[in-house]
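The structure under discussion appears below in the form of structure tokens.
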Amino acid sequence: MKRLVAAFVGAGLSSALLAQSAPPPARRAATPAGPAAAQASVAVPDETTAIVNGRVFTVSGPPLERGTVLIRGRKIAAVGANVAVPAGAKVVDAAGKIVTPGLIESATQIGIVEIPSGAEGTDDQSSTDKDLSAAFNVVDSFNGDSTVIPVTRVEGITRAVVAPSSTGHVLLGQGALFDLTGAQVPDSIVKAPVAMFANLGEAGAASAGGSRASAMLRLREALQDALDFSRNRIAWSNAQRRPYARGRMDMEALVPVVRGELPIAINANRASDLLAAMRLADEFHLKLILLGAIEGWRVTSELAAKKIPVVVKPLTDIPSFDGLGATLENPARLARGGVTLVLSSFDTHNARNLRQEAGNAIAYGLDRDAALRAVTLEPARVWGVADRLGTLDAGKDADVVVWSGDPFELTTGPEHVFIAGREMSKDTRQRQLFEKYRVIR
Amino acid sequence: MPNAYESTYKPLPSRTTLIRNATILTANGPVIEHGSILLQNGKIGAVGQTVTAPADALVIEASGKWITPGVIDTHSHIGVYAAPGVESLSDGNEATSPNTAEVSAEHSIWPQDPQFGLALAGGVTTMQILPGSANLFGGRGVTVKNVPSRTAEGMKFPGAPYSLKMACGENPKRVYGSRNTSPQTRMGNVAGYRRAWQAAAEYRDNLRRWKNAGSDPDKRPPRNLQLETLAGVLDGEILVHNHCYRADEMVTMINLAREFGYKITSFHHAVEAYKIRDLLVESNICASMWADWWGFKLEAYDGVRENIALVDQAKGCAIVHSDDANGIQRLNQEAAKALRAGLEAGFKIERADAVRWFTINPARALAIDKLTGSLEAGKNADVVIWTGDPFSVYSRAERVFIDGALIYDRTDPNRQPHRDFETGLLPAGGAR
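Which chain is which? The protein sequence lines are A and B, in order.
For the first sequence, our numbering begins at 6 and goes up steadily by one.
For the second sequence, our numbering begins at 630 and goes up steadily by one.
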């Protein structure tokens, strides 16, 4: 574990190490003292919890009308209508409740920004260091003590893909998937990196001299250099290659991308930009994920044919020149067109409203099951962790939420949230403030 | 003197309409199950369990549907920060001086902003369009009806007073402090307000003296548009709407208002209203709040989801506002989240109470509550039919009436007003 931490810090050759899922974190016998709100309740290893009588949406199969989810230690031990509850198990009666997998937020800055304006030292989401881009790694600034983490997980979100915001280059750097237990790196890492992030379209142009064309060129240039670097590392070390436009650390970070091992998540919205991103992916054999995709519904057949997943924010309907075709029906139309669909809040402090986003997608035509999949199993697949997360199945990490009712409704809420088998505290800094002022003295 | 920019609004054609069998939240009493409402001559004719209607009335069967007053937002920048959000349409902050009380949002409103139509699809019938919060005194705000019009004047709510947008805290001190001009600090903010109010008081006194001496046209004190707006506040004709986050700063503003003898109508954003809800009630000041925005700057760091419910429980004037062209489309959903927070805190709040947060309470803050904001006989027929419980994420505004005229019908593409900007620019099939 120590060695891994050191590798994060010395970013240079870390990509190979980071490309693998982090090993399961060591159980912490006791959590050291810290802000109360950030502390999750600490479970005894191998404690067994049985959530019984709930309406269980496994996501992998049809819902169980009165099912049991058995949690042992970090994992789901069994799910079914006729699961025996072992003696000594802690029992959660979920009669009349809904049980789902924990929700996954797919594009946020949770943990890398606390207060984005006027509070120096709390904002690590962006860098203006012009010599850095692809190498930028959110793992190096993730803060498990962020007050945003408990505020988010009490709304049933158990994992989040944290992405960099901007670097002054079309390449933004490496995002990672974290659990929202409040643990620090490396324990909180589920997978790092999960993707290389980049901007095309209007945002890309803004960081490349003002034109979409120059944004595309800068991205292509970095990928060409990285390809050359990946094939000629030794010659490069011996100064026998042409100079590259980006530095050594950026080249290192791009190697798994040009090898097709690490996805590249490209932010683009206009139909023409989505098609351009797809052409680029073909040219370099990239594993492409599209973020934003406001006009995704206009290119569904291309997205479906190439099996390109899209991550969209449902509540997007205000026309911009980057997306004149914005419509609340975008998720429904994409899903109907056979596109792999992931829903995201694209928010940080209110990433907790992910389920409101999903509920509105349903209101505008998305199938209910597809909506639940789009915040559980589909993101788990797209980010490459479906072997561990995304459904309620034996053997998976026990991220389980017991809801007071329909998870997408506005007047319901989570009653129990488990992350990797541990029930999370409902405490947040906001709750403490409310309690402090419940009565004015 | 007469107002050259007077409202030219005329209600659109309407017909006598009876809506039957709906669940009605009147914002003025308990829920009415299987109720009816009659819209006649642009007004609400009657509302109740049984309503008699003329034989020629159009009858709408609304079984399973819900009815509320038209949604009212006290804080919008639609039209002044129009879509698409580009530099050419950035008309909300005259950030060239900390005091621009002489500007008026009505002179920035672009009636072709497509966001008006999106807000209408969310049931919004009335909104206050405010200048931004870069300045201590941002300028005048205006209340408009959400109707298609070629002009801003054609949208202005007849009889609604002007407002003055003021701003506390981080924004003015950041905008001007970063230019090394005043204000650079919160104390600089307050000095700026006091300087302006003192000048306004003197301006008003000079005008009074001139009037009392016979209003000799040759001796009239020179007209000053900036001071004229501030004097309008001191005379009680213009309402103060004050952007302010922190509890202690709101109290400073209450003290400032007392020093110069004016009234604050509503604090806006008021993220810490819950900490001073007793003082807000004591001073009869509304709080226009978000359901859950927090943390995007330090003065918003102490946001709690119970904010609206706590102000409501203290018998305060609790308002859910948007300050956002997305949020305005779903103020009912924002209220639903605030309702949930209140219920989970153990408060007894009914939907019939929470509906007031986006109807009659904002009407009160805009001083139009005698005309609209609740479903009572004689009031303007500003009415929304929802597909279901407006506190459900799945419900949507189905039909929207303004002064009795059916302005929006989700089931009829010909009753969904589009702005010029959308014409010929939206991809086919892109109807929102």
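Where a beta carbon is used, it is the ideal one built from N, C-alpha and C, also for glycine.
Just so you know, these numbers come straight off a predicted model, no measurement behind them.
(1) At least one CB of chain B closer than 7 Å to the CB of S146(A): is that the case?
(2) Looking at chain A, is there any beta carbon in it that lies within less than 7 Å of the beta carbon of P642(B)?
(3) Taking 7 Å as the cut-off, decide whether the C-beta atoms of F141(A) and P169(A) are in contact.
(4) Are the beta-carbon atoms of V161(A) and V422(A) separated by less than 7 Å?
(5) Just to make sure I have the definition right: I need the residues of chain A whose C-beta is within less than 9 Å of the C-beta of N955(B). Which are they?
(6) When you compare each of A633(B), N913(B), P801(B) to Y874(B) by their alpha carbons, which one comes out closest?
(7) If I follow the unbroken beta strand (DSSP E) through I1036(B), where does it start and stop?
(8) For A368(A), go through chain B and note every residue whose CB falls closer than 8 Å to its CB, in chain order.
(9) Does the beta carbon of L647(B) sit closer than 7 Å to a beta carbon anywhere in chain A?
(10) Would W986(B) pass as a contact of A970(B) if the rule is Cβ separation under 7 Å?
(11) Assign H736(B) to one of two classes, buried (16 or more other C-beta atoms within 10 Å of its C-beta) or exposed (fewer than that).
(12) What does H354(A) reach in chain B if we use C-beta pairs closer than 8 Å?
(13) Mind checking the region 411-436 of chain A against chain B and listing, in chain order, the residues whose C-beta falls within less than 7 Å of any C-beta there?
(14) Going by alpha carbons, who is nearest to S131(A) out of L176(A), E70(A), D402(A)?
(15) At the level of alpha carbons, what is the spacing between I239(A) and L291(A)?
(16) To the nearest angstrom, how far is the alpha carbon of V700(B) from that of H663(B)?
(17) Just the chain B side, please: which residues come within less than 9 Å of I269(A) by C-beta, in chain order?
(18) Restricting to Cα atoms, I'd like to know which of T1001(B), L863(B), G956(B) is closest to Q827(B).
(19) Please decide whether F13(A) counts as near chain B, where near means a Cβ-Cβ distance under 7 Å.
(20) Please report the distance separating the alpha-carbon of A34(A) from that of I269(A).
(21) What in chain B is Cβ-close to Q361(A), meaning under 8 Å?
(22) Quick one: Cα of R71(A) to Cα of T54(A), how far?
(23) Can you say whether Y832(B) is buried or exposed, counting buried as having 16 or more other CB atoms within 10 angstroms of its CB?
(24) Can you check DSSP and say which residues form a bridge with D702(B)?
(25) Within a Cβ cutoff of 8 Å, which residues of the same chain sit near L765(B), ignoring the five residues on either side of it in sequence?
(26) Please list, in chain order, all residues of the same chain as E300(A) whose beta carbon is under 7 Å from its beta carbon, the five residues on each side excluded.
(27) Taking the C-alpha atoms as reference points, what is the distance between A42(A) and T163(A)?
(28) Only counting runs of 3 or more residues, tell me where the beta strand (DSSP E) segments fall wholly within the region 791-875 of chain B, in order along the chain.
(29) Within the continuous alpha helix (DSSP H) that includes N936(B), where are the two ends?
(30) Starting from S65(A), find everything on chain B with Cβ-Cβ shorter than 8 Å and list it in chain order.
(31) In the region 759-777 of chain B, which residues sit with their C-beta less than 9 Å from some C-beta in chain A, listed in chain order?
(32) Tell me the start and end of each unbroken beta strand (DSSP E) in the region 718-774 of chain B that is at least 3 residues and wholly inside, in chain order.
(33) According to DSSP, is K102(A) helix, strand or coil?
(34) On the premise that G400(A) lies in contact with K80(A), defined as a C-beta separation below 8 Å, what is that separation, rounded to the nearest angstrom?
(35) Tell whether a beta-carbon distance below 7 Å holds between P640(B) and A1034(B).
Taking the coordinates as given:
(1) Chain B contact via Cβ: absent.
(2) No - not a single Cβ of chain A is within 7 Å of the one on P642(B).
(3) Yes, the pair counts as a contact, with Cβ atoms nearer than the cut-off.
(4) Before going further, note that residue 161(A) is Gly rather than Val in the sequence given. Going by C-beta atoms, G161(A) is nearer than 7 Å to V422(A).
(5) The contacting residues are L320, T321, D322, I323.
(6) Put simply, of A633(B), N913(B), P801(B) the residue whose alpha carbon is nearest the alpha carbon of Y874(B) is P801(B).
(7) First-last of the beta strand (DSSP E) with I1036(B): 1034-1038.
(8) Neighbours of A368(A) on chain B, chain order: V1022, Y1023, S1024, R1025.
(9) For L647(B), the answer is no, since every Cβ of chain A falls outside 7 Å of its Cβ.
(10) Not a contact, by the Cβ cut-off of 7 Å.
(11) Per the 10 Å Cβ criterion, exposed.
(12) Here the neighbours are W922, W923, G924, F925.
(13) For the region 411-436 of chain A, which is checked against every Cβ of chain B, the residues closer than 7 Å are F413, E414, L415, T416, G418, Q435.
(14) Minimum Cα-Cα distance from S131(A) among the listed residues L176(A), E70(A), D402(A) corresponds to L176(A).
(15) One alpha carbon belongs to I239(A), the other to L291(A), and they sit about 24 Å apart.
(16) Each residue's alpha carbon lies about 21 Å from the other.
(17) Near I269(A) there are no residues of chain B at all, since even the closest Cβ is about 27 Å away, more than 9 Å.
(18) Checking every option, the nearest Cα to that of Q827(B) belongs to L863(B).
(19) Because F13(A) sits at a pLDDT of 31, beneath the cut-off of 50, its placement in the model cannot be relied upon, and the following sentence gives the value as read from the coordinates. Not an interface residue.
(20) Legend: pLDDT at A34(A) = 38, less than 50; position of this residue unreliable, value from coordinates given subsequently. Their Cα atoms are separated by approximately 38 Å.
(21) Per Cβ cutoff of 8 Å: Q962, K966, V1022.
(22) Cα to Cα, the separation comes out at about 16 Å.
(23) Burial state of Y832(B) is buried, judged by a 10 Å Cβ sphere holding 16 or more other Cβ atoms.
(24) The beta-bridge partner set that DSSP reports for D702(B) consists of M756(B).
(25) Cβ neighbours of L765(B) beyond the five flanking positions: P727, N728, M795, A796, P801, P812, N818, G821, Y822, A825.
(26) Cβ neighbours of E300(A) beyond the five flanking positions: N274, R275, A276, L279, G328, G330.
(27) Confidence is the limiting factor: at A42(A) the pLDDT is only 42, short of 50, which leaves the residue's position unreliable, though a coordinate-based value still follows. The straight-line gap from Cα to Cα measures roughly 16 Å.
(28) Segments of the beta strand (DSSP E) lying fully in the region 791-875 of chain B: 792-796, 868-873.
(29) From DSSP, the alpha helix (DSSP H) with N936(B) extends over 936-942.
(30) Within chain B, no residue comes near S65(A); the closest Cβ sits about 25 Å away, beyond 8 Å.
(31) Within the region 759-777 of chain B, not one residue has a Cβ closer than 9 Å to any Cβ of chain A.
(32) Whole beta strand (DSSP E) segments, 3+ residues: 753-758, 766-774.
(33) In the three-state scheme derived from DSSP, where H, G and I count as helix and E and B as strand, K102(A) is classed as coil.
(34) Contact check for K80(A) and G400(A): beta-carbon distance about 6 Å, within the 8 Å limit, so the pair qualifies.
(35) In this structure, P640(B) places its C-beta atom within 7 Å of the C-beta atom of A1034(B).
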